[in-house]
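Participant: With the working numbering, the residue at position 59 of the sequence shown is 54, and numbering never jumps.
Quick reminder that beta carbons are idealized off the backbone N, C-alpha and C, glycines included.
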Amino acid sequence: MPETRAGCVIVAGRPNVGKSTLFNRLLGTRLSIATSKPHTTRYCIRGVVDADDSQLVLIDTPGWGPRGRGRLSRHLSRVAAGGVPYADAGLLLVEAGGLRPADREVLALLPEELPVVAGINKADLAKSTDSLLPLAAELREWRPLRAIVPLSARTGKGCDALAVELRALLPQQEKMYPAGQRSDRKDAFFIADFIREQVLRRLDAEVPHAVGIEVRALERPEGKKLTRIMADIIVDTPSRQAMVVGKGGRMLRSIGTGARRAIEDYLGTKVYLDLRVTLRRRWDEEPAQLARLGIEGGIV
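1) Given that a residue counts as buried once 16 or more other Cβ atoms are within 10 Å of its Cβ, and exposed if not, what is residue 269?
2) Using 10 angstroms around the beta-carbon of residue 2, count the other beta-carbons present and answer buried if the total reaches 16, otherwise exposed.
3) Cα separation between residue 296 and residue 42?
4) What are the boundary residues of the alpha helix (DSSP H) that includes residue 234?
5) Compute the Euclidean distance between the alpha carbons of residue 189 and residue 28, then round it to the nearest angstrom.
6) Applying the 10 Å Cβ sphere with the 16-neighbour rule, what's the burial state of residue 192?
7) At which residues does the beta strand (DSSP E) containing residue 14 begin and terminate?
8) Going by alpha carbons, who is nearest to residue 48 out of -2, 40, 24, 233?
9) Contact between the region 123 to 140 and the region 85 to 105 is defined here as three or more beta-carbon pairs at a separation below 8 Å; is this criterion met?
10) Along the chain, where does the alpha helix (DSSP H) that runs through residue 129 open and close?
11) Measuring alpha carbon to alpha carbon, tell me which of 273, 153, 218, 197 ends up nearest residue 225.
12) When you compare each of 50, 0, 263 to residue 218 by their alpha carbons, which one comes out closest?
13) Is it right to say residue 14 is buried, meaning 16 or more other beta carbons lie within 10 angstroms of its own, or is it exposed?
14) Going by DSSP in three states, residue 100 sits in which element: helix, strand or coil?
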């Protein structure tokens, strides 16, 4: 009987390179929200890929890059790097369109002793596999890599090959999580993130990153097919509150409808969602507020 391999792989890359899409693809389920806006991911999320002889634990992270202004932005940078001590290996994700200085900066944040595989995302848009050879050569000049795998997080092409390379880097040890467990996060965490995803998709760039989500109540009576959820969308100014609510409440209803569908897919039940917009000034500058929303804390 083969030895069991199990361990953590941190998924690293600059903002909007496709980390969360790849994370979901490798898991075979949607746990991490993904939009076209940078810094959609605010947390380190562990996702478990279980097999008979292995358990690959992926750590999805916020986009790695220069720190912005404000406590929340600074926190995202800390969270991204904060998953490194938990990792047995690293996955650097870049794009087939070409390398950027930010890609090299991200790679430099991974310790030299950490084995790293590089994934070239959007390889399906390249003219040919051979056209990616110069990019692969440049990556190897930056640092020794265990493997370089062309892939498409969107279509799944190359993702099985990537998983094989990542599993080979895991130490031989017992599995870390029981069979059937998808993540180390609780349902309320993912529910809040699905709501925030809808805010990100529907509102202008200056609004979504100034909101937080708090799940006030989650009731899943045993044997019942309806889950009741009460949640707040938290904003810091009256003008943003008005934008999230929308004329006649239309924007809030649209956010709620999209979030409810995503939550139903995740929970596998019908959902009643009571969604409200709450004003809390400077919520993103107060450590107590960030902790209350689960933002200040990294990996649980």
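Facilitator: The short version:
1) By the neighbour-count rule (16 or more Cβ atoms within 10 Å), residue 269 is not buried but exposed.
2) Residue burial is scored here from C-beta neighbours: residue 2 has at least 16 other C-beta atoms within 10 angstroms and is therefore classed as buried.
3) The first residue shown for the chain is -4 and the last is 295, placing residue 296 beyond what the model contains.
4) For residue 234, the enclosing alpha helix (DSSP H) begins and ends at 233 to 240.
5) Spanning the two alpha carbons is a distance of roughly 7 Å.
6) Classified as buried, residue 192 has 16 or more neighbouring CB atoms from the shown chains inside 10 Å of its CB.
7) Run containing residue 14: none in the beta strand (DSSP E); it sits in the alpha helix (DSSP H), 14 to 22.
8) Looking at the Cα atoms, -2 is the closest of the given residues.
9) Counting Cβ pairs under 8 Å, three or more are found: they touch.
10) Residue range 128 to 137 is occupied by the alpha helix (DSSP H) that includes residue 129.
11) The residue with the shortest Cα to Cα distance from residue 225 is 273.
12) When only C-alpha atoms are compared, the closest one is 263.
13) Residue 14 comes out buried.
14) Residue state, collapsed to three classes: helix.
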